[in-house]
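Here the sequence shown stands for residues 23 to 124, numbered as in the numbering used here. Idealized CB from N, CA, C, for every residue including glycine. Just so you know, these numbers come straight off a predicted model, no measurement behind them.
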Amino acid sequence: MAVRVAVAGASGYAGGEVLRLLLAHPGIRIGALTANSNAGQRLGSVQPHLLPLAGRVLEPTTAEALAGHDVVFLALPHGQSAAVAAELGDGALVIDCGADFR
């Protein structure tokens, strides 16, 4: 059974690197891809090297978009991860790529 993963901040450098690594893993199913300023754009317009996901549309980064995934990667700008993680609740498995929880 594949692990369903969401990536918040998918349009940025860290989010792109997370997605590149996830694409190489056979046990991962990529779910929601979110961004703030790039919401509504196709991922391929900001991450052209991620061809398998190029047609996916970036959603706004909300708790609703990220809910229901087994794992949520946060690759958000400094200061934004804490609020998003708090909205996801205690049951969510969150991996923060930023400095907010260091």
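* Would you kindly work out how many angstroms separate the C-alpha atoms of residue 113 and residue 69, rounded to a whole number? => 30 Å
* To do: Measure from the alpha carbon of residue 99 to the alpha carbon of each residue in 50, 54, 46, 58, then state which is nearest.
  => 58
* To do: Please look up how many angstroms separate the CB atoms of residue 32 and residue 41, rounded, as I've assumed it's under 8 Å.
  => 6 Å
* Distance, Cα to Cα, residue 66 vs residue 88? -> 20 Å
* State the CB to CB distance for the pair residue 50 and residue 28, rounded to an integer number of angstroms; the pair is presumed to be in contact (CB under 8 Å). => Not really, about 11 Å apart at Cβ, beyond 8 Å.
* Asked: Which class does residue 38 belong to by DSSP, given the choice of helix, strand or coil?
  -> helix
* To do: Assign residue 111 to buried or exposed, taking buried as 16 or more other Cβ atoms, counted over all protein chains shown, within 10 Å of its Cβ.
  => exposed
* **Rounded straight-line distance, which links the Cα of residue 119 to that of residue 103** => 9 Å
* **For residue 93, the first and last residue of its enclosing alpha helix (DSSP H)** => Here residue 93 belongs to no alpha helix (DSSP H); instead the beta strand (DSSP E) covers 93-96.
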